[in-house]
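Peer 1: Numbering-wise, the sequence shown is residues 9 to 188 according to this note's numbering.
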Amino acid sequence: MKHYKEWYSDGRCRTASLERMVPDLYSYYSVLYVGARTDRMDYGDEFRKGPTKIDVLEIFKPNVIYLKSLDWINEVHHGDVRSCSIDKDYDIVFWWHGPEHIKEEELANTLTWLEEKAKVAVVLGCPWGKSPQGHLHNNPNEEHVSHYDYQIFEDLGYKVECIGEKDVVGSNITSVKFVK
9 MKHYKEWYSD GRCRTASLER MVPDLYSYYS VLYVGARTDR MDYGDEFRKG PTKIDVLEIF
69 KPNVIYLKSL DWINEVHHGD VRSCSIDKDY DIVFWWHGPE HIKEEELANT LTWLEEKAKV
129 AVVLGCPWGK SPQGHLHNNP NEEHVSHYDY QIFEDLGYKV ECIGEKDVVG SNITSVKFVK
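(1) For D63, does the count of other Cβ atoms within 10 angstroms reach 16, so buried, or fall short, so exposed?
(2) At what residues does the beta strand (DSSP E) containing E108 begin and finish?
(3) Taking the CB atoms as reference points, tell me whether Y37 and P59 lie closer together than 7 angstroms.
(4) What is the C-beta distance between V153 and H109, in whole angstroms, given that I count them as a contact (C-beta under 8 angstroms)?
(5) Quick one, which of W103, W136 and K167 has its alpha-carbon nearest M49's?
(6) Ordered along the chain, which non-local residues of its own chain (more than five positions away) have a Cβ less than 6 angstroms from that of I94?
(7) Starting from D99, follow the beta strand (DSSP E) in both directions and report where the run begins and ends.
(8) Taking the alpha helix (DSSP H) that D32 falls in, what are its first and last residues?
(9) Near V72, which residues of its chain fall below 7 angstroms by C-beta distance, leaving aside the five closest residues on each side in sequence?
(10) E129 and I100: beta carbons closer than 7 angstroms?
(11) Tell me the DSSP secondary structure of V84 in three-state form.
(12) What's the gap between the Cα of V30 and the Cα of P70?
(13) Please classify W136 as buried or exposed, where buried requires at least 16 other C-beta atoms within 10 Å of its C-beta.
(14) Identify, in the order they occur along the chain, each residue of the same chain with its Cβ nearer than 6 angstroms to the Cβ of G106, setting aside the five sequence neighbours on each side.
(15) Would you mind stating whether I171 and C134 have Cβ atoms separated by less than 7 angstroms?
(16) Is V168 near S179, with beta carbons less than 7 angstroms apart?
Next comes the structure, spelled out in structure tokens:
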């Protein structure tokens with residue numbers, strides 16, 4: 009694990025972490041983006057500037073309806089990352105600030121499924137440690153139900169960088185697993 013203590017609330021350090029870990033992230037042809045809200049799709053603009061066809065997997069129906077209205081998203085799958093079925097594979101599976109929304113005991117199986125969908129890599133982001141959050145925008149799936157430390161991702165074979173300090177809101181874990 010690499011640790012970068014300095015961080016900024018505007019996301020610059022998270023972006024730098026992604027660039028260090030997957031320098032060609034935005035050059036791949038297909039991405040499954042797991043979880044997206046109507047008001048936030050981190051790195052969506054970066055993906056759409058390249059050659060990428062973006063599919064989204066989203067659990068909350070109002071978000072699905074909105075996302076289907078965006079002409080730059082290829083396909084929107086309505087489902088739960090823990091139990092859905094998608095019949096295609098993607099170069100990159102990108103689950104940015106999502107693992108904290110499922111129970112820790114569900115993480116390994118969920119990541120195994122995501123790794124099976126990825127041809128190149130699975131890229132994850134989540135808060136480092138405790139970062140309380142309840143329901144947002146009438147969406148119960150926005151609640152943080154788990155608080156992760158970097159070891160769980162390393163134990164699952166991921167390369168990890170941490171930004172900030174554990175249990176400080178705004179700190180981040182970036183994890184990448186190259187699957188092939």
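Ideal placement from N, C-alpha and C gives every residue a C-beta, glycine not left out.
Peer 2: The relevant details are as follows:
(1) In the sequence shown, residue 63 corresponds to position 55, counting from 1. Answer is buried; the Cβ neighbour count reaches 16.
(2) As a position in the sequence shown, residue 108 is number 100, starting the count at 1. Counting along the chain, E108 falls outside any beta strand (DSSP E), and DSSP gives it neither H nor E.
(3) By one-based count along the sequence shown, residue 37 stands at place 29. By one-based count along the sequence shown, residue 59 stands at place 51. Contact flag set, yes.
(4) Counting from one through the sequence shown, the residue named residue 153 turns up at place 145. Counting from one through the sequence shown, the residue named residue 109 turns up at place 101. 6 angstroms between Cβ atoms; contact.
(5) Residue numbering aside, residue 49 sits at position 41 when the sequence shown is read from its first letter. For M49, the nearest C-alpha among the options comes from W103.
(6) For the purposes of this step, residue 94 is taken as residue 86 along the sequence shown, with counting starting at 1. Answer for I94: H85, listed in chain order.
(7) Reading the sequence shown from its first residue, position 91 is the one you call residue 99. Start and end: Y98 to W104.
(8) Taking the first residue of the sequence shown as 1, we reach residue 32 at position 24. Run containing D32: none; DSSP gives neither H nor E here.
(9) In the sequence shown, counting from the first residue as 1, residue 72 sits at position 64. Cβ neighbours of V72 beyond the five flanking positions: E66, V84 and H86.
(10) Against the sequence shown, residue 129 aligns to sequence position 121. Against the sequence shown, residue 100 aligns to sequence position 92. Note that residue 129 is Ala in the sequence shown, not Glu. The answer is yes: Cβ separation under 7 angstroms.
(11) As a position in the sequence shown, residue 84 is number 76, starting the count at 1. DSSP places V84 in strand when its eight states are reduced to three.
(12) Indexing the sequence shown from 1 puts residue 30 at position 22. Indexing the sequence shown from 1 puts residue 70 at position 62. Using only the alpha carbons, I get a separation of about 32 angstroms.
(13) Taking the first residue of the sequence shown as position 1, residue 136 is located at position 128. Its Cβ being crowded by 16 or more others within 10 Å, W136 is buried.
(14) To locate residue 106, count along the sequence shown from 1; it is residue 98. Taken in chain order, the residues that qualify are V42 and G43.
(15) If you number the sequence shown from 1, residue 171 lands on position 163. If you number the sequence shown from 1, residue 134 lands on position 126. No, they are not a contact pair.
(16) In the sequence shown, residue 168 corresponds to position 160, counting from 1. In the sequence shown, residue 179 corresponds to position 171, counting from 1. No; because the gap between Cβ atoms is not below 7 angstroms, this pair is not in contact.
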